[in-house]
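In this text, residue positions in the sequence shown follow the numbering used here: the first is 3, and each later residue adds one. Cβ coordinates follow ideal geometry from the N, Cα and C atoms, glycine included. Scroll down for the structure; my scribbles are underneath it.
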Amino acid sequence: MDTCHLPVGFFDSGLGGISVLRETVARMPQESYLYYGDSLHAPYGVRRTEEVEALACAAAEHLIARGVKAIVVACNTATSAAIGTLRRTWPELPFIGTEPAVKPAVERHPGGRILVLATPMTVKEEKFRRLKAQYEDQAEIIPIACGGLMEFVEQGLLRGPEVEAYLFDRLDPYLKVPVSAVVLGCTHYPFLRGAIRRIVGRSPEIIDGGAGVAQQLQRVLAGRGLLLPEGPPGRVEFENSLGGPEILALSRELLAYRDEQID
Ligand code: DGL
3 MDTCHLPVGF FDSGLGGISV LRETVARMPQ ESYLYYGDSL HAPYGVRRTE
53 EVEALACAAA EHLIARGVKA IVVACNTATS AAIGTLRRTW PELPFIGTEP
103 AVKPAVERHP GGRILVLATP MTVKEEKFRR LKAQYEDQAE IIPIACGGLM
153 EFVEQGLLRG PEVEAYLFDR LDPYLKVPVS AVVLGCTHYP FLRGAIRRIV
203 GRSPEIIDGG AGVAQQLQRV LAGRGLLLPE GPPGRVEFEN SLGGPEILAL
253 SRELLAYRDE QID
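Written out as structure tokens, the structure reads:
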């Protein structure tokens, strides 16, 4: 098979990257996708950087062994810990990373007050500190580490009192002063958009980076002559390090999930 017809590989610490996958499938339905969720080792966001680097390399190795033409690191945490190592280890293969959508948030809300929800690792890594430093003269950027939040999505719990109690505890202290935008800096969080909206109220814009990653993937594939022309829909295949049919069924449900939100 020529490289062009290979699937695009995705990986994440679990199911969060499916929020990026659904944007990508919507943008390039003719492509095939192989999604590897490393739910066995989730969460990544509270581990040491070297551990996440090793897990990211293992996930990439798995996808490469299955045959992929590019890899989307559909995880902000793994991107901040490992994107450099991945690119150095496999220089021929395009890797597309994910980072909190601070740039679009600042462009749309200059001078605004912007909350960035992400994992503890993402907010403390150098990559995010540099991103924040780049924009903090243009807006007030407030990172909020949300350890424990991705677990709700891994359990398929996307709304309800438990999720909202967590979000209220974490976000309420920041909501006394008006907020312009909330950046979802972890790929699990778009699945909690409806619950987040209920806590932050109607006015802040809720921004996630999924569509930007899909656009970047399209650019990279086109640039390397790897983009399939428009045609019939490709295949979407899921694999998960946890094994068992339940996690794969939840993966497919999340791919089809559309939130009942008041955006
Ligand atoms: N989905 C991941 C991210 O985008 C992280 C969740 C975790 O493993 O802590 O950061």
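Cα separation between residue i and residue j?
| i | j | result |
| --- | --- | --- |
| E232 | P31 | 8 Å |
| H111 | Q136 | 15 Å |
| P2 | G149 | Residue 2 lies beyond the residue range present for the chain, which begins at 3 and ends at 265; the question has no answer from this structure. |
| R20 | Y37 | The amino acid occupying residue 20 in the given sequence is Ile; Arg does not appear at that position. Cα to Cα, I20 sits roughly 8 Å from Y37. |
| D139 | P106 | 15 Å |
| L8 | D261 | 31 Å |
| G158 | L256 | 8 Å |
| G114 | S182 | 5 Å |
| A99 | P175 | The question names Ala, yet the displayed sequence has Gly at residue 99. Rounded to the nearest angstrom, the two C-alpha atoms are 31 Å apart. |
| R90 | Y191 | 29 Å |
| P206 | S34 | 35 Å |
| F273 | L194 | The question about residue 273 has no answer, for the chain in this structure spans 3 to 265. |
| D210 | E142 | 18 Å |
| L252 | N78 | 21 Å |
Kindly indicate the opening and closing residues of the alpha helix (DSSP H) around residue i.
| i | result |
| --- | --- |
| V181 | From DSSP, V181 is part of no alpha helix (DSSP H); its letter is neither H nor E. |
| F1 | As displayed, the chain neither begins before 3 nor continues past 265, which places residue 1 out of reach and without an answer. |
| V104 | V104 to R110 |
| G39 | It is not in any alpha helix (DSSP H) - G39 instead sits in the beta strand (DSSP E) that spans Y35 to G39. |
| E156 | M152 to E156 |
Can you give me the start and stop residues for the beta strand (DSSP E) that residue i sits inside?
| i | result |
| --- | --- |
| D14 | V10 to D14 |
| R132 | No beta strand (DSSP E) holds R132; the alpha helix (DSSP H) holding it covers E128 to Y137. |
| L88 | That residue, L88, is in no beta strand (DSSP E); its alpha helix (DSSP H) goes N78 to T91. |
What did DSSP end up calling residue i once you bin it into helix, strand or coil?
| i | result |
| --- | --- |
| Y259 | coil |
| A72 | strand |
| P145 | strand |
| L219 | helix |
| R199 | helix |
| A44 | coil |
| R24 | helix |
| R49 | coil |
| R254 | helix |
| I264 | Any reading at I264 must be qualified, since the residue scores a pLDDT of 44, below 50, and its modelled position is unreliable; the value itself is stated next. It is coil, neither helix nor strand. |
| G212 | helix |
| R204 | coil |
| R226 | coil |
| L119 | strand |
| E241 | strand |
If contacts are defined as beta-carbon pairs under 8 Å, then residue i and residue j qualify, I think. What distance do you get, rounded to the angstrom?
| i | j | result |
| --- | --- | --- |
| G11 | I73 | 4 Å |
| V54 | A84 | 6 Å |
| A58 | L23 | In fact, because the Cβ distance is near 17 Å, the residues do not count as touching under 8 Å. |
| G196 | A103 | The pair is not a contact, with the Cβ atoms about 19 Å apart (cut-off 8 Å). |
| C188 | A120 | 5 Å |
| V238 | P96 | Their Cβ separation, rounded to whole angstroms, is 19 Å, which puts V238 and P96 out of contact at 8 Å. |
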